[in-house]
Amino acid sequence: MTRPTAIVTYLWEKHLGALDDFLVTHPVDAVVVDAHHLNDRLHGIVERHGCTLVTLQQKFAETAAFRDTALTAVGDLRDRLDGTEWVGEGMVASPGEIPRLRALLSEAVGVHVPAAVMLLNALGAIRKVYDLKLFVTSEDVQSMPKVATAWARARHIPSLHVAHSLALVDPYTVHAHLVADVLAVYGDRGAEGYLDLGIEPHRIVSTGNPAWDVYSRLRGERSAVRERLVDSYDLDPGLPIVTFGTTHSGRMTASDTGNAHRDSLAAFLAAVAEMEQRGVAFQTVVKDRMSNIGIGDELLTALLENSGVRQRVTYANDDTSEWAVASDILVGVDSNYLVEAMLAGTPAVNLIGVGSLPAPPPFDGASGVVEAEPGELATRLASLLEDDDLRARQLDLAARRLDHYHRGGTDGLATARVAELMVSLARRGRPAGPRPVEPTAPDIPPRSVASSVLRRALRSVTRS
1 MTRPTAIVTY LWEKHLGALD DFLVTHPVDA VVVDAHHLND RLHGIVERHG
51 CTLVTLQQKF AETAAFRDTA LTAVGDLRDR LDGTEWVGEG MVASPGEIPR
101 LRALLSEAVG VHVPAAVMLL NALGAIRKVY DLKLFVTSED VQSMPKVATA
151 WARARHIPSL HVAHSLALVD PYTVHAHLVA DVLAVYGDRG AEGYLDLGIE
201 PHRIVSTGNP AWDVYSRLRG ERSAVRERLV DSYDLDPGLP IVTFGTTHSG
251 RMTASDTGNA HRDSLAAFLA AVAEMEQRGV AFQTVVKDRM SNIGIGDELL
301 TALLENSGVR QRVTYANDDT SEWAVASDIL VGVDSNYLVE AMLAGTPAVN
351 LIGVGSLPAP PPFDGASGVV EAEPGELATR LASLLEDDDL RARQLDLAAR
401 RLDHYHRGGT DGLATARVAE LMVSLARRGR PAGPRPVEPT APDIPPRSVA
451 SSVLRRALRS VTRS
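Letter by letter, the sequence shown follows residues 1 to 464 in full-length UniProt numbering.
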């Protein structure tokens, strides 16, 4: 008897357009999802295509008998921790730190192993009922999506990781791998770090970001978008808008000082105060992350008290794409938001030297993205506001280089390309259609350490 077909998805909401397009070309009987990823958009897509929506959690109750297996696995792993053979070179600075590391690992084992066993058995139960055509996820870093991705690949179920951001910083620690069969990156720039890790080029496909297809429409609506935001946020329609996109500390590497949010915002406000002293006419928006609701505005208020800034600073945590289009300058910190500025046709400034230790520049000199250290930021911003020729040159550079950072530029077809890749994998188990990435320096072996060094050097040279 033929089993009904299904796809397992851990896609974030911003990538669901690709699932919608996929189901048009490659219908399945069921869509399997972790309940934490349920949202109105997913419900609408499943209903529109006549699929059955199945959550992994529905199978958890059926696998309760496997709790003993989980407890046994936890006990076995903790027994292994009692020794020291698991301690690898460089894991601890001194033998005296082993007990503390052992305690941390033992605690983590008790949390993650039972959850992983439950998930694996739920996936196994799903597989007995459905013919799984594809596994697709927006990340394979967090523990459960990583476990699910590894499970799919081990069982030869075609798996696709749609990158949730453009890797402007070389992948490190938990990011330094590719669990899925194939990785869809936004542009060739996002593949460089993975190539340097030794991941085969045929496993990386440049598609663009489905969430950024919106810029093909928004660019043509710039005046209307700006008018709406000016009205909604009570801004001055006659003054240029300088927007700062906040950053955060991931705390997953020693190069992260942990103070990136505060320090970069303080540096930006210092530049605002300096421009005011110079008599530059502009207004300021701080575009925060949704994750900072409740704390971001409090931090801004606290920093403003001693900043010397005289103007009202507008705080916002939504309308992300709209601010990129409506602003006259967008400032960020090694951020994908600056790629969105390139897509929006808005001059972009990358604030460097704040919140993290020195690193290779994320944007090359041909990108049109202006680099500025804190002491230079006011001058760079003022020049872009007052020098029309400079502004035009930077925008022209960005337009010429955009495809390197986002496949297809503003053609609005990233969703279609990701869907095409999904169909190709579901039908053949290998990518076809959208272009595989090519190393940016073809004469440099992509797997060598020299590759990484030379790529970084090339980006640094083009900035000088």
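For glycine and all other residues, C-beta sits at the position ideal for the given N, C-alpha and C.
{"Asked": "How do the region 112-120 and the region 130-149 stand: do at least 3 beta-carbon pairs fall below 8 Å, yes or no?", "Found": "yes"}
{"Asked": "Does DSSP put proline 439 in a helix, a strand or coil?", "Found": "Confidence at proline 439 is low in this model, with a pLDDT of 42, below 50, so the placement of that residue is unreliable and no value is reported for it."}
{"Asked": "If contact is defined by three or more beta carbon pairs under 8 Å, each pair taking one atom from either stretch, is the region 154-168 in contact with the region 2-21?", "Found": "yes"}
{"Asked": "Starting from threonine 243 and walking both ways along the alpha helix (DSSP H), at which residues does that stretch end?", "Found": "Segment 241-245 is the beta strand (DSSP E) holding threonine 243; no alpha helix (DSSP H) there."}
{"Asked": "Pairing CB atoms from the region 336-348 with CB atoms from the region 309-319, are three or more of them under 8 Å?", "Found": "no"}
{"Asked": "Which class does tyrosine 10 belong to by DSSP, given the choice of helix, strand or coil?", "Found": "strand"}
{"Asked": "Go ahead and label isoleucine 199 buried or exposed: buried means 16 or more other beta carbons lie within 10 angstroms of its beta carbon, across all protein chains shown.", "Found": "buried"}
{"Asked": "For threonine 314, list the residues DSSP reports as bridge partners.", "Found": "Val285"}
{"Asked": "Using CA coordinates, which residue listed in His404, Gly365 and Arg189 is at the minimum distance from valine 169?", "Found": "Arg189"}
{"Asked": "What would DSSP say about threonine 69, mapped onto helix, strand or coil?", "Found": "helix"}
{"Asked": "Excluding five sequence neighbours on each side, which residues of the same chain lie with their C-beta closer than 6 Å to the C-beta of threonine 2?", "Found": "none"}
{"Asked": "Have a look at Leu229, Gly245, Ala103 and Val32 and flag the residue whose alpha-carbon is nearest the alpha-carbon of tyrosine 130.", "Found": "Val32"}
{"Asked": "Can you grab the Cα-Cα spacing for the pair proline 240 / leucine 384, in whole Å?", "Found": "11 Å"}
{"Asked": "Can you give me the C-alpha to C-alpha distance between glycine 296 and alanine 125, rounded to a whole angstrom?", "Found": "43 Å"}
{"Asked": "Do you know how far the Cα of alanine 372 is from the Cα of valine 280?", "Found": "18 Å"}
{"Asked": "Considering just the uninterrupted stretch of the alpha helix (DSSP H) at isoleucine 329, what are its terminal residues?", "Found": "Counting along the chain, isoleucine 329 falls outside any alpha helix (DSSP H), though it belongs to the beta strand (DSSP E) covering 329-332."}
{"Asked": "Does DSSP put threonine 2 in a helix, in a strand, or in coil?", "Found": "coil"}
{"Asked": "Since alanine 273 is in the alpha helix (DSSP H), which residue starts that stretch and which ends it?", "Found": "260-278"}
{"Asked": "Can you look up asparagine 350 in the DSSP assignment and give me helix, strand or coil?", "Found": "strand"}
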